[in-house]
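Okay, structure first, notes after.
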Amino acid sequence: MNHDAIKHALCGRYVPLTESSGYLESNWALPNDGTLIGAYVIAAGDDRVHLTDDGDVMFNAAAAGSDITPARAASYRKVAESFGVSLSENGAIGTTCLVQELPQTIARYVQAACAIANTSLKHRPQEEDERFERIVGALLSRQFGNRVTRRPELIGISGHQLRFPFAIDFNRERPVLIQTIGAEDGRLNWKVIHEAGGKIIDLKPLDRPYRFVAVLEAANDSEQASRYFADTADVVIYDGSPILRIAVG
Numbered sequence: 150m151n152h153d154a155i156k157h158a159l160c161g162r163y164v165p166l167t168e169s170s171g172y173l174e175s176n177w178a179l180p181n182d183g184t185l186i187g188a189y190v191i192a193a194g195d196d197r198v199h200l201t202d203d204g205d206v207m208f209n210a211a212a213a214g215s216d217i218t219p220a221r222a223a224s225y226r227k228v229a230e231s232f233g234v235s236l237s238e239n240g241a242i243g244t245t246c247l248v249q250e251l252p253q254t255i256a257r258y259v260q261a262a263c264a265i266a267n268t269s270l271k272h273r274p275q276e277e278d279e280r281f282e283r284i285v286g287a288l289l290s291r292q293f294g295n296r297v298t299r300r301p302e303l304i305g306i307s308g309h310q311l312r313f314p315f316a317i318d319f320n321r322e323r324p325v326l327i328q329t330i331g332a333e334d335g336r337l338n339w340k341v342i343h344e345a346g347g348k349i350i351d352l353k354p355l356d357r358p359y360r361f362v363a364v365l366e367a368a369n370d371s372e373q374a375s376r377y378f379a380d381t382a383d384v385v386i387y388d389g390s391p392i393l394r395i396a397v398g
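Residue numbers for the sequence shown follow this note's numbering, beginning at 150 and rising by one.
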């Protein structure tokens with residue numbers, strides 16, 4: 150591989166690693182920790198090279214707490230393809246081009262990496278919701294032991310993949326699906342409330358009978374949220390008690 154030609158094409162921001170590979174470090178940083186986006190440049194024959202991040206962007210997103218479900222991975226893949234690159238099943242961004250096409254290809258590659266990283270920010274747990282979910286998880290484990298399933302996934306009538314923080318007796322005849330909703334500054338997270346309502350509506354028409362429980366952190370608008378769930382879910386308001394009053398069979 151002609152490292153000098155590649156270094157010239159990339160304005161010098163390139164370090165050879167082996168006879169057939171090198172590494173480019175861009176000026177663009179990931180949103181999580183400021184790590185600069187890079188690309189491994191690997192000989193692909195016929196004066197062509199393959200660019201890949203070897204899964205670094207997706208690893209960084211997961212390490213920062215992004216919840217990467219199969220549906221979300223598919224959305225990242227569409228983002229990559231919109232920039233003319235690919236995202237493999239293993240989470241590696243990649244593309245192949247001629248050496249003389251490197252400047253334009255690198256630009257598209259870095260744009261794709263930035264777009265995917267920024268999209269993954271939406272899939273990180275909200276800090277308050279994550280805190281409250283940990284509290285509820287500890288209480289459920291204490292009360293119900295191995296009957297508790299964390300983050301069960303289901304397919305709704307719409308065909309969308311749905312996830313709840315917890316379930317009790319998930320593999321039995323009438324499982325209990327539990328949605329936790331934390332509060333901050335005396336107000337519940339209404340975005341999560343509306344998302345939970347949508348998930349419940351999507352599951353109600355299915356043949357399998359589910360029971361839904363919304364566990365709300367005590368807040369100024371807890372009663373308003375209770376009315377929102379009046380026809381769809383049982384509501385438990387957590388006020389710091391060591392026991393969650395969830396009745397199960």
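From the three backbone atoms N, C-alpha and C, an ideal C-beta is built for every residue, glycine too. Since this is a predicted model, take the numbers as computed values, not measurements.
Beta-bridge pairing of residue i - partner residues as DSSP gives them
i	result
Gly-194	Arg-197
Pro-165	Gly-171
Gly-187	Glu-174
Cys-387	Strictly speaking, residue 387 in this sequence is Tyr, with Cys absent from that position. Its beta-bridge partners are Glu-366.
Ala-332	Leu-337
Ala-212	Partner(s): none; Ala-212 has no beta bridge.
Leu-311	Leu-303
Leu-159	Paired residue(s): none; Leu-159 is not in a bridge.
Leu-326	Ala-316, Phe-361
Thr-244	Leu-200
Val-297	Ile-317
Nearest neighbour of residue i, chosen from the options [CA to CA]
i	options	result
Val-228	Val-341, Gly-243, Ile-386	Gly-243
Arg-299	Ser-290, Gly-305, Ser-307	Ser-290
Asn-267	Gly-183, Ala-396, Arg-283	Gly-183
Asn-239	Gln-249, Val-248, Leu-251, Tyr-225	Tyr-225
Ser-215	Ile-265, Leu-311, Tyr-359, Arg-162	Ile-265
Arg-321	Tyr-359, Asp-334, His-152, Gly-335	Tyr-359
Thr-254	Gly-389, Asn-369, Thr-218, Val-190	Val-190
His-272	Thr-167, Arg-221, Thr-381	Arg-221
Val-198	Lys-156, Trp-177, Ser-231, Thr-218	Lys-156
Gln-260	Asn-176, Ala-210, Ile-304, Asp-278	Asn-176
Ala-368	Ser-231, Cys-263, Gly-335	Gly-335
Ser-231	Lys-353, Ile-217, Tyr-258, Gly-286	Tyr-258
Gln-310	Pro-219, Asp-380, Ala-192	Pro-219
Ile-284	Ala-213, Tyr-387, Leu-303	Tyr-387
Ser-237	Gln-249, Ala-223, Leu-247, Cys-246	Ala-223
Ser-162	Phe-281, His-152, Thr-245	Note that residue 162 corresponds to Arg in the displayed sequence, not to Ser. The candidate whose alpha carbon is nearest that of Arg-162 is His-152.
Tyr-355	Gly-286, Gly-305, Phe-378, Cys-246	Note on residue identity: the sequence assigns Leu, not Tyr, to residue 355. Measuring from the Cα of Leu-355, the nearest candidate turns out to be Gly-305.
Gly-347	Phe-378, Gly-286, Asp-370	Phe-378
Arg-323	Ala-374, Phe-281, Val-397	Val-397
Beta-carbon proximity of residue i to residue j, cut-off 7 angstroms
i	j	result
Ala-316	Gln-328	no
Pro-301	Phe-293	no
Leu-179	Ala-188	no
Leu-393	Leu-288	yes
Ile-349	Asn-338	no
Gly-204	Ala-241	yes
Ala-154	Leu-251	no
Asp-351	Ser-307	yes
Leu-166	Glu-174	no
Val-206	Ala-256	no
Arg-296	Asp-318	yes
Met-410	Ala-192	Residue 410 is absent from the model: the chain starts at 150 and stops at 398.
Val-384	Ile-395	no
Residue i burial status per 10 Å Cβ neighbour count (16 or more: buried)
i	result
Ala-332	buried
Phe-208	exposed
Asp-202	buried
Leu-270	exposed
Asp-196	exposed
Glu-372	exposed
Ala-212	exposed
Leu-303	buried
Any chain B beta carbon closer than 7 angstroms to residue i
i	result
Tyr-387	Chain labels in this structure do not include chain B; a single protein chain is all it has.
*Hey, is the region 337-351 in contact with the region 360-379, meaning 3+ C-beta pairs nearer than 8 angstroms?*
Short answer: they touch.
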